[in-house]
Each structure stands twice: as C-alpha cells, then as structure tokens.
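Asks: In the UniProt record's numbering, the protein residues as written are 1 to 523.
Right, dumping it as structure tokens:
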C-alpha cells in the first residue's frame, strides 16, 4: 500500500496516537476538544496524502524542498495549526515536538503494515518528510508572528491603561487644590467652608476607590481572596445590586426593568462579591448607555443553572473587541469618552469572581451602537431551602460615639493633626505624637483607651510599637488600631499578629472610624 493510501486508510489510528502525545505534553491550557483537535489534524494529513498522490516534476520537487515562498494548501494548514496551538497555550517547543511525533507515528505504523517495501516507497518517504517540514515551518512562522502581535497589543493596552490611570488620579487633585484654597479665604463663611470640605471628601473618596479597584483586581485575578460561601436566593443579590446603582440610573434618566420567574434560584457564593459582580455589570450598562436609555435585567432558571442577563441599548462594541472585553487593559477601546471615569477593571474582576464561584460569564453585542448583553451563569443549588442564610445584606452603620481618650501617632504631621481635629470635634480627648518612642512614653503616662498607630513610623514601625504597648501593664488592654496605606490581606494578618485589634487602610473613612470607636469600652 502506498503511503498516501495508508494515511487515509489508517487516519483514525494515526490521529489517536497524535492526540495522546499532544495531551501528554500538558500545555498550560489545552482548550481544543478531542473532536476539534482531530478534525484539524485530519485536514493536514489529508492534504499530505493528496500531495503524495499528485505527480510532481523535478522542478516542483526542488521548489518545495528549497522553500521558495510559494503558497500552497500546506502553507495555509500549517499557519492555521500554529495559531490554534498558540491559542491552546502550547510552547513553540511543544509545537515542534508534536510534528516530530506525527512524523514518527506515520512512518512507524506504515513500516509495520508495509511488508514488501518498494523503490517507490523511498520517494513517498522523501515527499512525506518534505510536507511535514513545510507544515512545521508554516506553523512556526505563524506561531511566532501571532505571539509578537499579541505582545505588541498587550503593551499597547498597558500603555493606554497607564495613561488612563494617570488621568484618573490627576483629575481629583484639581478640585482638591481649589477647595483647599477656598478654605484659606472662607474665614467665617460657613457655607463656603462646608462646600469646600464636601468637595475634598468626595474627591478623596474617588481616589481611594480607584486605588482599591487596582488592588482588588490584582488580588481577585490571582485567586488571593477568601470567599465566605453560603446558600441564598440570587434575587437577594440582585436587589442589593439594583439598590446600589439606582442613583446612577436616576441621574442618567434610564429606564431599568427587571423580569424574573418563579422558582428557587438558590446559589452558593459570597454575598458581598456577587453583589459586586452584578453592580459592576449594571454600572457598565448605565455608563455606556446614552442618557434616557433602556436597561433590562432578566433572571432565568434551568435544572442546573441560574442565569442572570444584563442587557442595554447603549454604545455596544465591535465584533473584534468582544473576545477581549474581559481582559485587563482593554477598556480604552470601548470608548474615547472618559467623562464616565473609572479604570475599566470591572469586567476583569467580574470574570474572575464568577469563575471562582464555578460559573461563567459571556458577552454578546450586535456591533457598535447596538447595545450589549452580559450573561452570568451560576450553578443552581437544590434541596437546600431549609439551610438558607436568613440574615439581611450588611449595611454601613454609623453609631453615636462616646468620649474616649485617644492617642494618634503618625509621622505625617498634616495627617495626624487633621485626624486629631476630627476626633476632638466628635467629643473625644485626643493626644498626638509623631514618633514611636515619645508615643510609647505618652501611652504609659496617659493610659489612653485607644491608640491609632501609623505603621510606617521612622524610628520604630507601628507593629513593633504595638508589641511594646502590649508588653507594658499600663497599656496591655488598650484598644489598638493600625492605620496604614498597606491594605493587602497579609498586611491585615501581620497587624493582628502584632497585637492590633483592628486594621484601617488610608485614607480614613471617618464615619466608619467613629462607628468602630463607639464599640470600644471606655476605661
């Protein structure tokens, strides 16, 4: 049997051996199914067989062996295979090894079945090897070119992201600076003072949100968050998300409708994080839909899944952008209008959180100007109705404080003085120090109820100061609050190990701080 006939006759056996080898290499993410893998490989083998069956002149053989750049069906098939392997996250070394395995498998299986070799077989083997080399070369070239294009695109997206980050962080500085100047001239003008203070508070809150988003997406996309998993009906999450974005909807005069169906829509998840998912999707719909637009949230159920779809008639997106909509650094392509603000990290966060809940999120758009549709699918839990968590969604509470003696320690004089003034205006007795050793002496002498300690002190860091305070009888029971710009989970854990009762990330949310202080018993 000639080699071309053997390949076509034993195609399934060759493909099985090739697939087994491809999977033993364990690429980072082999996304192709068995059917896709075998279908694609069978096309290449059929092209080789057809080439072997076609008589070639000496000039044609020389042209092919030299690789003179003439495009053939083998060139196209090889390029497609190289790109497919890149998408499946093969390395180039694995791609080369795969072709070597294909060559070896075909020739070994053919030798085992070919009991009477002929002179013509030598020509078949030569031409077969040339075809494999041609395919491999085309695959390597396309693999390398696609890798370079992807790297260039990633760099472009990062550059655009950094430009947006600089823009977004600079924006609040202008009103903060103007408001600070207003406070200098306000004197006894209460209205002007209140207005300037509100401006500063809003802009500081905006900057803190941007920084929190950056840190959050970094933690979540790397799987570094602890999810508090419990059972609940997804409608509770939807209601909480709708409540969050209602002011934005009203401000842009959108029409938001919700449709649901009967039946238990029970899921297992972290309530806070799932509210974040749907608030992000609804917030995007609000942001990218022109004023007076239509937004629709739809809940569907099937036997195994809870499906929530957020659809709008907004600006939509191009077909080329849809596959990248959940990528980091891709937001800039969606619109050149930066008036809505934000860093475009929300959808990357959504995808990571949904996947950590063993779910999926997808996006569909009819094109630019034709709206967008995002669907979240989560595993539906059944038979757990009696185990549902009945508590309500947590809400921020600001409790009335009681008079406490508080020691504030921060080497940033402005930060220490401003916090001390705010605490004093709330009725607390406040002492202020800017270095650790004087603070330690003041604490032992004054015996405060609470010490608010900056972690980054110059003479002794805040964690060591906390240990020292815990070591002295006069301050062993003092309520210690860590105040720091470091807000990673490990930072909180380190603070608690050092003896702190609580950890607060800068900038301070004063209402939350007062609520915390209200829970501290006075001496």
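We put the CB at the ideal spot given by N, CA and C, even for glycine. Just so we're clear, the structure is a prediction, and the values are computed from it rather than from any experiment.
Taking the alpha carbon of residue 323 as the reference point, which residue from 475, 296, 301, 363 has its own alpha carbon closest?
Replies: Within the chain shown, numbered from 1, the residue matching residue 323 stands at position 323. Checking every option, the nearest Cα to that of residue 323 belongs to 363.
Asks: Nearest-angstrom Cα distance between residue 354 and residue 307?
Replies: Translated into positions along the chain shown, residue 354 becomes position 354. Translated into positions along the chain shown, residue 307 becomes position 307. Computed Cα separation, rounded: 12 angstroms.
Asks: Provide the residue(s) that pair with residue 374 in DSSP beta bridges, ordered along the chain.
Replies: Here residue 374 refers to the residue found at position 374 when the chain shown is read from its first residue. Answer is 310, 363.
Asks: Helix, strand or coil for residue 298? Go by DSSP, reduced to three states.
Replies: Counting from 1 along the chain shown, the entry for residue 298 is found at position 298. Note: residue 298 maps to strand in three-state DSSP.
Asks: I need the DSSP call for residue 145, collapsed to helix, strand or coil.
Replies: As a first step, residue 145 must be located in the chain shown, where it is residue number 145. Here residue 145 sits in helix by DSSP.
Asks: What is the residue span of the alpha helix (DSSP H) that residue 467 lies within?
Replies: As a first step, residue 467 must be located in the chain shown, where it is residue number 467. Looking at the DSSP string, the run of the alpha helix (DSSP H) that includes residue 467 is 462-471.
Asks: Please check the pair residue 409 and residue 453, which I expect to be a contact at CB under 8 angstroms, by giving their CB distance rounded to whole angstroms.
Replies: Taking the first residue of the chain shown as position 1, residue 409 is located at position 409. Taking the first residue of the chain shown as position 1, residue 453 is located at position 453. Contact holds; Cβ gap of about 5 angstroms.
Asks: Taking the alpha-carbon of residue 511 as reference, which of 205, 263, 276, 299 has the nearest alpha-carbon?
Replies: Working through the chain shown from its first residue, we reach residue 511 at position 511. The shortest C-alpha separation from residue 511 is found at 205.
Asks: Could you tell me whether the Cβ atoms of residue 191 and residue 179 are closer together than 8 angstroms?
Replies: To locate residue 191, count along the chain shown from 1; it is residue 191. To locate residue 179, count along the chain shown from 1; it is residue 179. No, these two residues do not count as a Cβ contact at 8 angstroms.
Asks: Based on Cα-Cα distance, which residue from 211, 431, 14 lies nearest to residue 107?
Replies: Start at 1 with the first residue of the chain shown, and residue 107 comes out as number 107. The shortest C-alpha separation from residue 107 is found at 14.
Asks: With a floor of 3 residues, list each beta strand (DSSP E) that falls wholly inside the UniProt domain "Response regulatory" (405-521), ordered by position along the chain.
Replies: Segments of the beta strand (DSSP E) lying fully in the UniProt domain "Response regulatory" (405-521): 405-409, 429-433, 450-454, 479-484, 502-505.
Asks: Tell me the residue span of the beta strand (DSSP E) that contains residue 268.
Replies: The residue given as residue 268 occupies position 268 in the chain shown. 266-270 is the span of the beta strand (DSSP E), which, as asked, contains residue 268.
Asks: Considering Cα atoms alone, identify which of 278, 407, 411 is closest to residue 350.
Replies: Position 350 of the chain shown, counting from 1, holds the residue named residue 350. In terms of Cα proximity to residue 350, the closest of 278, 407, 411 is 278.
Asks: Classify residue 285: buried if its beta carbon has 16 or more other beta carbons within 10 angstroms, exposed otherwise.
Replies: Numbered from 1 along the chain shown, position 285 holds the residue referred to as residue 285. Answer is buried; the Cβ neighbour count reaches 16.
Asks: Going by alpha carbons, who is nearest to residue 437 out of 461, 418, 361?
Replies: Reading the chain shown from its first residue, position 437 is the one you call residue 437. Of the listed residues, the one whose Cα sits closest to residue 437 is 461.
Asks: What three-state label does DSSP hand residue 259 in the structure shown?
Replies: Reading the chain shown from its first residue, position 259 is the one you call residue 259. Residue 259 falls in the strand class under three-state DSSP.
Asks: What three-state label does DSSP hand residue 55 in the structure shown?
Replies: One-based indexing of the chain shown puts residue 55 at position 55. It is coil, neither helix nor strand.
Asks: Along the beta strand (DSSP E) that carries residue 74, what are the first and last residues, could you check?
Replies: Sequence index remark: in the chain shown, residue 74 carries index 74 (1-based). Residue 74 -> not in any beta strand (DSSP E); alpha helix (DSSP H) instead, spanning 73-87.
Asks: Determine the closest residue to residue 361 out of 281, 402, 288, 411, with distance taken between C-alpha atoms.
Replies: Here residue 361 refers to the residue found at position 361 when the chain shown is read from its first residue. Relative to the Cα of residue 361, the nearest Cα in the group 281, 402, 288, 411 belongs to 281.
Asks: Quick check on DSSP: helix, strand or coil for residue 231?
Replies: Residue numbering aside, residue 231 sits at position 231 when the chain shown is read from its first letter. Of the three classes helix, strand and coil, the one that applies to residue 231 here is strand, per DSSP.
Asks: From 417, 444, 406, 135, pick the residue whose C-alpha is nearest to that of residue 427; which is it?
Replies: Taking the chain shown and counting its residues from 1, one reaches residue 427 at position 427. Residue 427 has its Cα closest to that of 406, out of 417, 444, 406, 135.
Asks: Spell out the partners DSSP gives residue 379 in its beta bridges.
Replies: Within the chain shown, numbered from 1, the residue matching residue 379 stands at position 379. 305, per the DSSP bridge assignment.
Asks: How would you call residue 368, buried or exposed, if buried means at least 16 neighbouring beta carbons within 10 angstroms?
Replies: As a working note, residue 368 is residue 368 in the chain shown. Answer is exposed; the Cβ neighbour count stays below 16.
Asks: Give the C-beta separation of residue 86 and residue 143 to the nearest angstrom, bearing in mind that I take them to be a contact with Cβ-Cβ under 8 angstroms.
Replies: As a working note, residue 86 is residue 86 in the chain shown. As a working note, residue 143 is residue 143 in the chain shown. Residue 86 to residue 143, Cβ: 5 angstroms. Contact.
Asks: By Cβ distance below 6 angstroms, which residues in the same chain neighbour residue 458 in space, the five residues on each side in sequence not counted?
Replies: The residue given as residue 458 occupies position 458 in the chain shown. Result list for residue 458: 411, in chain order.
Asks: Excluding the 5 residues preceding and the 5 following residue 186 in the sequence, name in chain order all residues of the same chain whose CB lies nearer than 7 angstroms to its CB.
Replies: The sequence position of residue 186 within the chain shown is 186, counting from 1. Result list for residue 186: 192, 193, 196, in chain order.
Asks: Among the residues of its own chain, which have a CB less than 6 angstroms from the CB of residue 8, if the five just before and after it don't count?
Replies: Within the chain shown, the letter at position 8 stands for residue 8. The residues are 49.
Asks: Spatial neighbours of residue 291 within its chain, please: CB distance less than 6 angstroms, with the 5 preceding and 5 following residues excluded, ordered by chain position.
Replies: Taking the chain shown and counting its residues from 1, the one referred to as residue 291 is at position 291. Apart from the 5 residues on each side of it in sequence, residue 291 sits with its Cβ closer than 6 angstroms to the Cβ of 252, 253 in its chain, given in chain order.
Asks: When the Cα of residue 81 is compared with those of 104, 137, 298, 118, which residue comes out closest?
Replies: Against the chain shown, residue 81 aligns to sequence position 81. Of the candidates 104, 137, 298, 118, the one whose C-alpha sits nearest the C-alpha of residue 81 is 137.
Asks: Assuming residue 100 is part of the alpha helix (DSSP H), what are its boundary residues?
Replies: Within the chain shown, the letter at position 100 stands for residue 100. Element bounds for residue 100: 92-113.
Asks: From this set, 140, 173, 304, which residue's C-alpha is nearest residue 381's C-alpha?
Replies: Within the chain shown, numbered from 1, the residue matching residue 381 stands at position 381. Answer by Cα proximity: 304.
Asks: Would the beta-carbon of residue 215 fall within 8 angstroms of that of residue 487?
Replies: Counted from its first residue, the chain shown places residue 215 at position 215. Counted from its first residue, the chain shown places residue 487 at position 487. Yes, these two residues count as a Cβ contact at 8 angstroms.
Asks: Beta-carbon separation of residue 465 and residue 440 under 8 angstroms?
Replies: Reading the chain shown from its first residue, position 465 is the one you call residue 465. Reading the chain shown from its first residue, position 440 is the one you call residue 440. For the 8 angstroms CB-CB criterion, residue 465 and residue 440 form a contact.
Asks: Apart from the five residues just before and just after residue 468, which ones in its own chain have a Cβ nearer than 6 angstroms to its Cβ?
Replies: The residue you call residue 468 lines up with position 468 of the chain shown. Cβ neighbours of residue 468 beyond the five flanking positions: 440.
Asks: For the alpha helix (DSSP H) that residue 175 lies in, which residues bound it at each end?
Replies: Against the chain shown, residue 175 aligns to sequence position 175. That run of the alpha helix (DSSP H) goes 173-186.
Asks: What's the call for residue 578, buried or exposed, on a 16-neighbour Cβ count within 10 Å?
Replies: Outside the shown range of the chain, which is 1 to 523, sits residue 578, and nothing can be said about it.
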